[in-house]
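From first to last, the protein sequence lines are chains A and B. Under the working numbering, the first residue of the first sequence is numbered 17, with each subsequent residue one higher. Under the working numbering, the first residue of the second sequence is numbered 17, with each subsequent residue one higher. All residues carry an ideal CB built from backbone N, CA and C; glycine is no exception. Down below is the structure, laid out as structure tokens.
Protein chains: 2
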Amino acid sequence: MNSAAPSEEEVLRRLESFGKKIANLVLSGKEPYIEIPVRSLSNTVWDPVNRILKLGPRKARRDFFSLRESKKFMQTLLMLSIIIRARREGDYPTIRDLYYTGKHTIVYKDHLGRNRKEETWDTQTESDSVIRDIEVATGLLREHMGIMHDAKGKIVGNMIIRSKGYDIDLSRMGSGAYAIPPNPDRLEIVKVEAEYVLVVEKDAIFERLNEEEYWRRENCILITGKGQPDRSTRRMVRRLWEEYNLPVYVLTDCDSYGFYIYSVYRSGSISLSYESERLATPGARFIGVAVTDIDEYKIPRNYIIKATDTDLKRAKELLSYPWFKSKAWREQLKLFLRRKEKVEIEALSGHGFKFLSHNYLPEKIESKTWIE
Amino acid sequence: MNSAAPSEEEVLRRLESFGKKIANLVLSGKEPYIEIPVRSLSNTVWDPVNRILKLGPRKARRDFFSLRESKKFMQTLLMLSIIIRARREGDYPTIRDLYYTGKHTIVYKDHLGRNRKEETWDTQTESDSVIRDIEVATGLLREHMGIMHDAKGKIVGNMIIRSKGYDIDLSRMGSGAYAIPPNPDRLEIVKVEAEYVLVVEKDAIFERLNEEEYWRRENCILITGKGQPDRSTRRMVRRLWEEYNLPVYVLTDCDSYGFYIYSVYRSGSISLSYESERLATPGARFIGVAVTDIDEYKIPRNYIIKATDTDLKRAKELLSYPWFKSKAWREQLKLFLRRKEKVEIEALSGHGFKFLSHNYLPEKIESKTWIE
Numbered sequence: 017m018n019s020a021a022p023s024e025e026e027v028l029r030r031l032e033s034f035g036k037k038i039a040n041l042v043l044s045g046k047e048p049y050i051e052i053p054v055r056s057l058s059n060t061v062w063d064p065v066n067r068i069l070k071l072g073p074r075k076a077r078r079d080f081f082s083l084r085e086s087k088k089f090m091q092t093l094l095m096l097s098i099i100i101r102a103r104r105e106g107d108y109p110t111i112r113d114l115y116y117t118g119k120h121t122i123v124y125k126d127h128l129g130r131n132r133k134e135e136t137w138d139t140q141t142e143s144d145s146v147i148r149d150i151e152v153a154t155g156l157l158r159e160h161m162g163i164m165h166d167a168k169g170k171i172v173g174n175m176i177i178r179s180k181g182y183d184i185d186l187s188r189m190g191s192g193a194y195a196i197p198p199n200p201d202r203l204e205i206v207k208v209e210a211e212y213v214l215v216v217e218k219d220a221i222f223e224r225l226n227e228e229e230y231w232r233r234e235n236c237i238l239i240t241g242k243g244q245p246d247r248s249t250r251r252m253v254r255r256l257w258e259e260y261n262l263p264v265y266v267l268t269d270c271d272s273y274g275f276y277i278y279s280v281y282r283s284g285s286i287s288l289s290y291e292s293e294r295l296a297t298p299g300a301r302f303i304g305v306a307v308t309d310i311d312e313y314k315i316p317r318n319y320i321i322k323a324t325d326t327d328l329k330r331a332k333e334l335l336s337y338p339w340f341k342s343k344a345w346r347e348q349l350k351l352f353l354r355r356k357e358k359v360e361i362e363a364l365s366g367h368g369f370k371f372l373s374h375n376y377l378p379e380k381i382e383s384k385t386w387i388e
Numbered sequence: 017m018n019s020a021a022p023s024e025e026e027v028l029r030r031l032e033s034f035g036k037k038i039a040n041l042v043l044s045g046k047e048p049y050i051e052i053p054v055r056s057l058s059n060t061v062w063d064p065v066n067r068i069l070k071l072g073p074r075k076a077r078r079d080f081f082s083l084r085e086s087k088k089f090m091q092t093l094l095m096l097s098i099i100i101r102a103r104r105e106g107d108y109p110t111i112r113d114l115y116y117t118g119k120h121t122i123v124y125k126d127h128l129g130r131n132r133k134e135e136t137w138d139t140q141t142e143s144d145s146v147i148r149d150i151e152v153a154t155g156l157l158r159e160h161m162g163i164m165h166d167a168k169g170k171i172v173g174n175m176i177i178r179s180k181g182y183d184i185d186l187s188r189m190g191s192g193a194y195a196i197p198p199n200p201d202r203l204e205i206v207k208v209e210a211e212y213v214l215v216v217e218k219d220a221i222f223e224r225l226n227e228e229e230y231w232r233r234e235n236c237i238l239i240t241g242k243g244q245p246d247r248s249t250r251r252m253v254r255r256l257w258e259e260y261n262l263p264v265y266v267l268t269d270c271d272s273y274g275f276y277i278y279s280v281y282r283s284g285s286i287s288l289s290y291e292s293e294r295l296a297t298p299g300a301r302f303i304g305v306a307v308t309d310i311d312e313y314k315i316p317r318n319y320i321i322k323a324t325d326t327d328l329k330r331a332k333e334l335l336s337y338p339w340f341k342s343k344a345w346r347e348q349l350k351l352f353l354r355r356k357e358k359v360e361i362e363a364l365s366g367h368g369f370k371f372l373s374h375n376y377l378p379e380k381i382e383s384k385t386w387i388e
């Protein structure tokens, strides 16, 4: 078991002690409150030493006896009690299950004796937000709490993992792949015999590289998060980098969206900044497709697409982020804004279907012409 | 190898003979043309005996010397030549690769000697359409032709498959799953020890049922196509039904979208009607969530969602489809239109997290209260 993942008992203990702290306040006649780190953009900071987006030090206090906060207080305790029940009974609810299980109408009389009604929550946005609060307050990821969600990552390569007592050899998946589970921390990585990790933005490119067994020929691990990666794909990449010191290369389309996807793998995202220390891979390198590749690799003129206004706006935003401040990235982004052109990974097929896997990728890795 | 899948040699032979037929017309001085089954809605028919959507008998002739058709003629031959080249060289291009590889500007002089330009194709819609034409004309699926695309299906359960020489035991995937490859016809199903197939619309529900090993306890195969299923997930379901006579149950949300997803598994889709004979599973049963389940299973009032106008419009369309004409389905759809209410699978969690897997599903299968 990965050392970063707390045991089932530890998870339950931490959740219960969070609840007990509040119960003790009540039992000792004090006004109950919860302290929760603030998850807003204003409390998201760039950590230049660790090169990740992190949650700042600000905490918010939720007082039960504050009119403005009592609803959030109630929601937090309601969600906490549902999650604790699920852990005690060994259940694996989805975030949608949690939303439904907690959703009900509270009927009460107000201080003037009038009948009043209040919904515990109206939308899943509200219940999801409380789950995040419990994550930051307890330091437990939802994955640790056995909460299920969609998982879209795939992985193949020369490595063996162990899950639920089974050894799974990711070099023996044939034309298919191993679908990364929602909680990759519960996977034990038994053996890795690979020289690097190649993260591919697009699933179709992953399928192609897998079908021709690029990973076997190049001795690497091949992963895709299918566009904007989910938490489990990012966690898996992080673990391979952290626990096995493997270089990580990210391959995306040459456009603002692709550059951003790379940065999410490398530095984390604003909305999940509180998890960067577990999800981000500060050593990840952008292997392409770079703006300079358009000339470098003589991409045919009619494969080049005009950048949209959204692309350009997004690129300007990227330029302002501290994690895109390196000289290399500033050059790429400025060139992108000047040329107003983008290309897709598939544009490399203009030089033949084998060009990507036999020339472009190995050459870039060999010549170390990635971007950081 | 599955008997339905033609060998690599057979695929190349069929593609080449398609091309040779046209070459022979030219060589013998005749006007070249191609005959291609029409893929429009007007040529899509409901086959009540086999209970699938099928392509009708109409064929269209594309003459090289017809002004209106010569561009399509050129596109078809261009795409055919690219696919043949990929097969000869053992490449696995994506549909996007094929689009790029064929994309170029033809420069020519017209009959008045003026310089003219013509793009081979402008958008991927055009090149994809030609791929479909080649599929119907040759009777080969794109999967057979080694064309890659996104594949989103996952599968676990008591079965062993063989791919690229490896035996893969789908009961030993741990918390993860086997990601179905783009071409499941190249998987050999070695052994199946299961009583039925459960197809789950939603990935998060799949993850939950997998985490608690529902498939092991109930001895079934668990599959998800993540919403609207892709071709490879549908093909996998079809093979398990056809080759192993397994009953197939489909679990979706109780709304028009869910009902439609069920029908795509069972009867095929209009846009892919030419592949129904390989992709549809006419024996698939809808296990829920049914409109009658709202009362039957006492779904709490505040878990019920108001149906949108789109839901209602879609439900009316479904009522008009021949494949929703059974008494049971008419009742469900009419009730849906009358109640104007929908519920999600997760609403069953109102009765506890275990209710779906320990009560709802086993009871429905045991009591045979599915809908067909």
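| Check | Outcome |
| --- | --- |
| Between Ser-248/A and Ala-167/A, what straight-line distance do the alpha-carbon atoms span, to the nearest angstrom? | 7 Å |
| Quickly, what does DSSP pair Ser-179/B with across the bridge? List them, please. | Tyr-182/B |
| CB Arg-148/B to CB Leu-28/B, shorter than 7 Å? | no |
| Where Ser-292/A and Ala-21/A are concerned, what is the direct C-alpha to C-alpha distance, given to the nearest angstrom? | 15 Å |
| Find the residues of chain A that neighbour His-165/B, judging by a C-beta separation of less than 8 Å, and give them in chain order. | Ala-220 and Glu-223 |
| Are any of the Cβ atoms in chain A nearer than 7 Å to that of Asp-113/B? | yes |
| For a test of the three-state rule: what should DSSP assign to Lys-343/B, helix, strand or coil? | helix |
| If we ignore side chains and look at the alpha-carbon of each, how far apart do Arg-251/B and Ile-277/A end up? | 32 Å |
| In angstroms, rounded to a whole number, what distance separates the CA positions of Tyr-108/B and Asn-199/B? | 11 Å |
| In angstroms, rounded to a whole number, what distance separates the CA positions of Asp-246/A and Val-216/A? | 13 Å |
| Taking the CB atoms as reference points, tell me whether Ile-387/B and Ala-331/B lie closer together than 7 Å. | no |
| Check the C-beta distance from Lys-119/A over to Asn-318/B and give it rounded, since I have them as a contact under 8 Å. | 6 Å |
| Thinking Ile-303/A and Glu-357/A are a contact (beta carbons under 8 Å), I'd like their distance in whole angstroms, please. | The Cβ separation is near 20 Å, so there is no contact. |
| Mind pulling the chain B residues with CB within less than 7 Å of Tyr-265/A? | Here the premise fails: no neighbours, minimum Cβ distance about 20 Å. |
| How is the alpha helix (DSSP H) around Pro-378/A delimited, first residue to last? | 377-382 |
| Please confirm whether Arg-188/B has its beta-carbon closer than 7 Å to some beta-carbon of chain A. | yes |
| Quick one: residues in its chain with C-beta nearer than 7 Å to the C-beta of Ile-98/B, no 5 flanking neighbours on either side, listed in chain order? | Leu-114, Thr-117 and Gly-118 |
| For Ser-365/A, would you say it is in contact with chain B, using Cβ-to-Cβ distances shorter than 7 Å as the test? | yes |
| Using the three-state DSSP reduction, which class does Asp-138/A fall into: helix, strand or coil? | coil |
| Tell me, which residues are paired with Arg-77/A by DSSP? | Glu-51/A |
| Candidates Glu-211/A, Lys-133/A and Lys-242/A: which alpha carbon is nearest Ala-220/A's? | Lys-242/A |
| Between the alpha carbons of Glu-32/A and Leu-93/A, how many angstroms are there, rounded? | 11 Å |
| Quick test of your reading: Arg-30/A and Leu-156/A, contact by CB under 8 Å. State the CB separation rounded to the nearest angstrom. | 6 Å |
| Rounded to whole angstroms, what is the Cα-Cα separation between Leu-288/B and Ala-210/B? | 29 Å |
| Exposed or buried, which one is His-160/B when buried takes at least 16 other CB atoms within 10 Å? | buried |
| Can you tell which of Ala-306/B, Ile-286/B, Glu-227/B and Glu-47/B has the C-alpha that lies nearest to the C-alpha of Phe-80/B? | Glu-47/B |
| Taking Ile-237/B as the reference, which of Glu-227/B, Pro-298/B, Lys-180/B and Met-175/B has the closest Cα? | Met-175/B |
| With 7 Å set as the bound, which would you pick, yes or no: does the beta-carbon of Asn-174/B sit closer than that to a beta-carbon of chain A? | no |
| Can you round the beta-carbon distance between Arg-301/B and Pro-263/B to whole angstroms, since I take them to be within the 8 Å contact cut? | 7 Å |
| Going by the DSSP bridge assignment, what does Phe-222/A pair with across the sheet? | According to DSSP, Phe-222/A bridges with nothing at all. |
| Hey, could you find the ends of the alpha helix (DSSP H) Ile-310/B is sitting in? | 309-312 |
| At 8 Å on the CB atoms, spell out the chain B contacts of Tyr-319/A, in chain order. | Tyr-116 and Lys-119 |
| Output, in sequence order along the chain, the residues in the segment 80-110 of chain B whose CB is closer than 7 Å to any CB in chain A. | Ala-102, Asp-107, Tyr-108, Pro-109 and Thr-110 |
| Go to Arg-301/B, then tell me how far its beta strand (DSSP E) extends in each direction, as first and last residue. | 301-304 |
| Under a Cβ-count criterion, where at least 16 other Cβ atoms within 10 Å of its own Cβ denotes burial, should Asn-131/B be classed as buried or exposed? | exposed |
| Express the C-alpha separation of Arg-178/A and Ile-184/B in angstroms, rounding to a whole number. | 15 Å |
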